[in-house]
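Data block below; observations after.
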Amino acid sequence: MTNVTPKARFLYIPALLLLGACCCDKEVVTAPPPPPPPPPAAPAAVVVAPLSDVFYDFNRSELTASTQSQLKTNATWLSANANKKVILEGHCDERGTNEYNMALGERRAQSAKEYLVNLGVDPARLKTVSFGEEKPFDSGHGEEAWAKNRRVHFVEE
Amino acid sequence: MRNTRIPIARIIFAICFMLILPLMLRAEEVKEYIVIRKQGAEKIAIVLDKTIAKGDRESEWAKSLDATIKGGLDYTGLFNLMPAPLNIRNTQDGTINFGAIGSVGSDIYVTGTVSKKSGAPNLDMQVYDITGKPLLNRKYTGTDKQLREIGLRFCADLVELLTGKKSVFGTKIVFVSNRTGTKEIYMCDFDGQNVEQITSTRSISLTPAVSQDGKYLAWTDYTSGGPDLYIKDLATKVTVAVRKQGVCIDPGWVPGTDECATTLSIDGDQEIYLIRPDGKLSRRLTKSKGIDVSPTFSPEGSRMAFVSTREGRPHIFIQDLKSGQVHRLTFSGNYNTQPAWSPVSDKILYSSMQKNGEINIFMINAGGSGLLQLTSGTKANEYPSWSPDGSMIVFSSNRQGKRKLFVMNSDGTNQRPLLQMDGEQQQPSWSIIK
Chain A
1 MTNVTPKARF LYIPALLLLG ACCCDKEVVT APPPPPPPPP AAPAAVVVAP LSDVFYDFNR
61 SELTASTQSQ LKTNATWLSA NANKKVILEG HCDERGTNEY NMALGERRAQ SAKEYLVNLG
121 VDPARLKTVS FGEEKPFDSG HGEEAWAKNR RVHFVEE
Chain B
1 MRNTRIPIAR IIFAICFMLI LPLMLRAEEV KEYIVIRKQG AEKIAIVLDK TIAKGDRESE
61 WAKSLDATIK GGLDYTGLFN LMPAPLNIRN TQDGTINFGA IGSVGSDIYV TGTVSKKSGA
121 PNLDMQVYDI TGKPLLNRKY TGTDKQLREI GLRFCADLVE LLTGKKSVFG TKIVFVSNRT
181 GTKEIYMCDF DGQNVEQITS TRSISLTPAV SQDGKYLAWT DYTSGGPDLY IKDLATKVTV
241 AVRKQGVCID PGWVPGTDEC ATTLSIDGDQ EIYLIRPDGK LSRRLTKSKG IDVSPTFSPE
301 GSRMAFVSTR EGRPHIFIQD LKSGQVHRLT FSGNYNTQPA WSPVSDKILY SSMQKNGEIN
361 IFMINAGGSG LLQLTSGTKA NEYPSWSPDG SMIVFSSNRQ GKRKLFVMNS DGTNQRPLLQ
421 MDGEQQQPSW SIIK
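If you're matching them up, the sequences are chains A and B in order. So the first sequence is numbered by our numbering: it starts at 1 and just counts up by one. So the second sequence is numbered by our numbering: it starts at 1 and just counts up by one.
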C-alpha cells in the first residue's frame with residue numbers, strides 16, 4: 001500500500017465499494033471480474049418452519065411441553081409473516097359428548113392464543129373458533145387417531 | 001252379659017273395618033299398580049276390537065285406523081293389547097258379551113265404527129270396563145288424509161282416560177342427521193313417522209331444542225364459519241341469528257317463559273346466559289372459571305341443571321335462578337354431561353362416561369337420591385330427552401354400529417329403535433309442536 005499514490009487510493013476505494021454492492025452475500029475479495037451470477041432470490045431472512053398443529057391431552061386444554069415448543073415455532077412464523085392473520089381452530093377427539101367438546105375445543109384454541117399473545121403476537125391477528133369433535137383429522141377410533149384429533153389447527157385467514 | 005258385649009264390639013269393629021276396607025284396598029291397589037309398572041312387569045290389558053265398517057271405502061279406512069291405533073297404543077309401552085275373542089258379540093242380537101273380556105284376562109274393551117259422512121271418515125269409538133260400564137264414547141272426524149291424526153287423537157284420549165296423564169301422541173322430536181353429507185336439523189313425529197328436514201345450511205347444524213310451548217326452535221350452526229345460535233319462530237317461520245364473539249352453543253328453554261339459555265364466551269370463559277326470542281341478551285346466569293354448558297330447567301322454571309368443570313372434571317350442578325345458589329348433583333363417575341330435567345317431575349337424566357369407555361344414561365332425583373342406570377353394555381348411549389308427558393325417553397345409541405335414535409320407557413325398559421333413516425342421527429329433543 002505504501003507505493004500507492006493518494007490519487008490511486010482515491011479511485012481504489014469506490015471500486016471496492018462497487019464490487020461489494022454487487023456481491024453482497026460474498027466476502028469481498030480482490031478477485032477480478034467476471035463475478036459469479038447472483039443466486040436466485042437472495043435470502044433476506046432466516047428460513048422459518050411453517051405453521052403446524054399443536055396437540056392436547058384428553059379432556060384438557062392446558063399446554064404440554066411439546067405444545068408450548070410448537071407454539072414457539074408458530075410464533076416465529078407469525079413474527080416472520082407480520083402481515084398474516086391466522087385462525088386457531090380448536091378440535092377434540094370423538095370421546096365425550098359433542099356439546100361439552102364444543103366448549104373444550106374453544107378452551108384449547110383460547111389457551112394457544114393466550115400463549116402466543118404472551119410471546120408477543122398481536123391478539124388482533126389471532127381468531128379462535130371451536131369445532132368440537134365435528135371435524136376430526138383422523139376418522140379412526142383409537143388412541144392413535146384420537147391423539148391426532150385433540151388439536152388446535154392453524155389456518156391462514 | 002260380658003259374653004254378649006264382646007261380639008257386639010266385634011261386630012261394630014267389623015262393620016267399621018268393612019267400611020274402611022274398600023278405601024284401604026283402593027289405596028293399596030294404586031300403590032301396588034305403580035310399583036309393578038315401574039318394574040315393567042304389568043301392563044294394562046286391553047281387548048282391542050277391529051273397527052266396524054260397511055262399504056269398501058269405509059273398510060279401507062277401518063284397516064288404516066286399526067293399524068294406527070294398535071301401533072300407537074303399542075308404542076307407549078303401557079298396554080298389553082289383545083284381539084277380541086270369537087265370542088265377543090252375542091250371535092243373536094250383536095250385543096257385547098262382557099263376560100268374554102274378563103275371561104281372557106282383560107280390564108278394558110275398545111270398539112269402534114267408521115262411517116262416511118259427506119265423503120269424509122267419521123269414527124265412533126267406545127271404551128268399556130269388564131262390567132259393561134261405558135268409560136268413553138266419542139266421535140272423531142277429519143278428512144280421509146287425516147286418518148292417522150284421527151286414530152292418534154283417540155289413542156291420546158284413551159291414555160289420558162286410563163292413566164290420568166297426558167300422552168306422547170301429537171308430539172314431535174327434533175334431531176340432527178348427516179344423511180345429506182352434512183349435519184342438518186330434522187323433525188319427526190313421536191313414533192319416528194313423517195321425517196321432515198328443517199335446515200339446509202350445508203354447514204354444521206347442531207343441538208336443536210324446541211321451547212316447551214312449541215313456539216320456538218333454537219339451534220347452533222356454522223353458516224358464518226363459527227358456532228352461532230339461531231332462533232326460529234315456528235309459526236311465522238322468521239329466524240333470528242345470535243352472533244357473538246366465541247361460542248354460542250347448546251340452547252335450553254326455560255319453561256313458562258320465551259327465553260332460552262345458552263353458553264357464550266363473550267366474557268372469555270364459557271358461561272350460561274339467557275337470550276330473548278328476538279336474539280337479545282337477557283342476563284348472565286353463571287359465573288365460574290371453566291366450562292358451563294348444557295342448561296336444562298325444572299318444570300316450574302326456577303332451577304337449572306347444567307354441566308360445569310368448576311370443580312375439575314365435568315359434573316352436573318343445580319342452580320337456583322332466584323338466589324343464584326349452586327350445588328353439585330353428581331358425585332359418582334368422573335365425566336357426567338348432557339342433563340335433561342323431566343318436564344313433569346324432579347328427575348334428571350344425564351349421560352356418564354364410564355371406566356370401560358361406555359357412555360350410559362342415568363337418572364337421579366334433583367335432591368341427589370335414587371341414582372339409577374338406564375342403559376348398559378351397549379357402547380355410547382347419549383343425549384337423553386324426555387317426552388313432554390315424562391313417560392318416555394329418546395336418546396342416541398351406536399349399539400348397532402352407526403349412531404341412531406332409540407326410545408325407552410322412563411324406567412329404562414322397552415328400548416327400541418325410533419326410526420329407519422340413512423346416515424347417523426343424534427341430539428334428539430322431544431317436545432310439543434303446534
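Glycine is no exception: its CB is placed at the ideal position from the N, C-alpha and C atoms.
Length of the line joining the Cα atoms of residue i and residue j
{"i": "Glu-300 (chain B)", "j": "Trp-253 (chain B)", "result": "12 Å"}
{"i": "Gln-39 (chain B)", "j": "Arg-284 (chain B)", "result": "Only weak support exists for where Gln-39 (chain B) lies, its pLDDT of 41 falling under 50; the coordinates are left without a value."}
{"i": "Arg-456 (chain B)", "j": "Leu-147 (chain B)", "result": "This structure does not reach residue 456 (chain B), given that chain B is present from 1 up to 434, and the question cannot be answered."}
{"i": "Gly-105 (chain A)", "j": "Leu-48 (chain B)", "result": "54 Å"}
{"i": "Ala-147 (chain A)", "j": "His-91 (chain A)", "result": "11 Å"}
{"i": "Val-114 (chain B)", "j": "Gly-55 (chain B)", "result": "10 Å"}
{"i": "Thr-286 (chain B)", "j": "Phe-317 (chain B)", "result": "11 Å"}
{"i": "Leu-135 (chain B)", "j": "Arg-89 (chain B)", "result": "19 Å"}
{"i": "Leu-234 (chain B)", "j": "Glu-424 (chain B)", "result": "25 Å"}
{"i": "Pro-103 (chain A)", "j": "Ser-111 (chain A)", "result": "The sequence given here has Ala at residue 103 (chain A), not Pro. In a straight line, the C-alpha of Ala-103 (chain A) is about 12 Å away from that of Ser-111 (chain A)."}
{"i": "Gly-96 (chain A)", "j": "Pro-50 (chain A)", "result": "32 Å"}
{"i": "Thr-180 (chain B)", "j": "Gly-105 (chain B)", "result": "49 Å"}
{"i": "Leu-374 (chain B)", "j": "Asn-398 (chain B)", "result": "16 Å"}
{"i": "Pro-428 (chain B)", "j": "Lys-72 (chain A)", "result": "42 Å"}
{"i": "Ser-294 (chain B)", "j": "Ile-348 (chain B)", "result": "13 Å"}
{"i": "Thr-223 (chain B)", "j": "Thr-239 (chain B)", "result": "13 Å"}
Test: residue i CB closer than 8 Å to a CB of chain B
{"i": "Ser-79 (chain A)", "result": "no"}
{"i": "Tyr-100 (chain A)", "result": "yes"}
{"i": "Val-152 (chain A)", "result": "no"}
{"i": "Ala-103 (chain A)", "result": "yes"}
{"i": "Ser-130 (chain A)", "result": "yes"}
{"i": "Gly-140 (chain A)", "result": "no"}
{"i": "Arg-60 (chain A)", "result": "no"}
{"i": "Arg-107 (chain A)", "result": "yes"}
{"i": "Glu-156 (chain A)", "result": "no"}
Bridge-paired residues (DSSP) for residue i
{"i": "Gly-112 (chain B)", "result": "B:Met-125"}
{"i": "Asn-440 (chain B)", "result": "Not covered by the structure: residue 440 (chain B). The range shown for chain B is 1 to 434."}
{"i": "Ser-308 (chain B)", "result": "B:Asp-292, B:His-315"}
{"i": "Gly-297 (chain B)", "result": "Correcting the residue type first, residue 297 (chain B) is Phe in the shown sequence and not Gly. Beta-bridge pairing links Phe-297 (chain B) to B:Met-304."}
{"i": "Asp-320 (chain B)", "result": "B:Arg-303"}
{"i": "Cys-260 (chain B)", "result": "B:Trp-253, B:Ile-275"}
{"i": "Tyr-438 (chain B)", "result": "Examination of residue 438 (chain B) is not possible in this model, given that chain B is present from 1 through 434 alone."}
{"i": "Cys-188 (chain B)", "result": "B:Ile-173"}
{"i": "Ile-96 (chain B)", "result": "B:Arg-89"}
{"i": "Ser-397 (chain B)", "result": "B:Asn-381, B:Lys-404"}
Enclosing alpha helix (DSSP H) for residue i [first to last residue]
{"i": "Met-102 (chain A)", "result": "98-118"}
{"i": "Gln-426 (chain B)", "result": "Careful: Gln-426 (chain B) lies outside any alpha helix (DSSP H), inside the beta strand (DSSP E) at 425-432."}
{"i": "Leu-161 (chain B)", "result": "147-163"}
{"i": "Thr-220 (chain B)", "result": "It is not in any alpha helix (DSSP H) - Thr-220 (chain B) instead sits in the beta strand (DSSP E) that spans 216-221."}
Residue range of the unbroken beta strand (DSSP E) whose run includes residue i
{"i": "Lys-232 (chain B)", "result": "228-233"}
{"i": "Glu-382 (chain B)", "result": "381-386"}
{"i": "Asp-74 (chain B)", "result": "Run containing Asp-74 (chain B): none in the beta strand (DSSP E); it sits in the alpha helix (DSSP H), 56-75."}
{"i": "Thr-141 (chain B)", "result": "134-141"}
{"i": "Phe-154 (chain A)", "result": "151-156"}
{"i": "Thr-67 (chain A)", "result": "Premise fails: Thr-67 (chain A) lies in the alpha helix (DSSP H), 65-80, not in any beta strand (DSSP E)."}
{"i": "Phe-131 (chain A)", "result": "126-132"}
{"i": "Gln-338 (chain B)", "result": "336-341"}
{"i": "Ile-46 (chain B)", "result": "44-48"}
{"i": "Asn-80 (chain B)", "result": "79-83"}
{"i": "Arg-284 (chain B)", "result": "281-284"}
8 Å Cβ cutoff, residue i in contact with chain A
{"i": "Gln-427 (chain B)", "result": "yes"}
{"i": "Val-394 (chain B)", "result": "no"}
{"i": "Pro-314 (chain B)", "result": "yes"}
{"i": "Ser-288 (chain B)", "result": "no"}
{"i": "Pro-339 (chain B)", "result": "no"}
{"i": "Val-174 (chain B)", "result": "no"}
{"i": "Thr-239 (chain B)", "result": "no"}
{"i": "Ser-265 (chain B)", "result": "yes"}
{"i": "Asp-228 (chain B)", "result": "no"}
{"i": "Tyr-186 (chain B)", "result": "no"}
{"i": "Val-307 (chain B)", "result": "yes"}
Worksheet item: Do the region 84-93 of chain B and the region 166-186 of chain B touch if we need at least three Cβ pairs shorter than 8 Å?
Response: no
Discussion item. For the structure I just gave you, are there three or more beta carbon pairs, one from the region 91-109 of chain B and one from the region 411-431 of chain B, closer than 8 Å?
Written reply: The answer is no - the region 411-431 of chain B does not touch the region 91-109 of chain B, with fewer than three Cβ pairs under 8 Å.
Worksheet item: Can you find at least 3 beta carbon pairs, one from the region 67-82 of chain A and one from the region 114-128 of chain A, that sit closer than 8 Å?
Response: yes
Worksheet item: Are three or more beta carbon pairs between the region 84-98 of chain A and the region 126-134 of chain A nearer than 8 Å?
Response: Contact between the region 84-98 of chain A and the region 126-134 of chain A is established, with three or more Cβ pairs separated by less than 8 Å.
Item to complete: Would you be able to state if there are at least three C-beta pairs under 8 Å between the region 328-335 of chain B and the region 354-368 of chain B?
Response: yes
Practice prompt. May I ask you to verify whether the region 130-146 of chain A touches the region 381-398 of chain B, counting CB pairs closer than 8 Å and requiring at least 3?
Written response: Touching, no.
Discussion item. If contact is defined by three or more beta carbon pairs under 8 Å, each pair taking one atom from either stretch, is the region 57-74 of chain B in contact with the region 110-127 of chain B?
Written reply: yes
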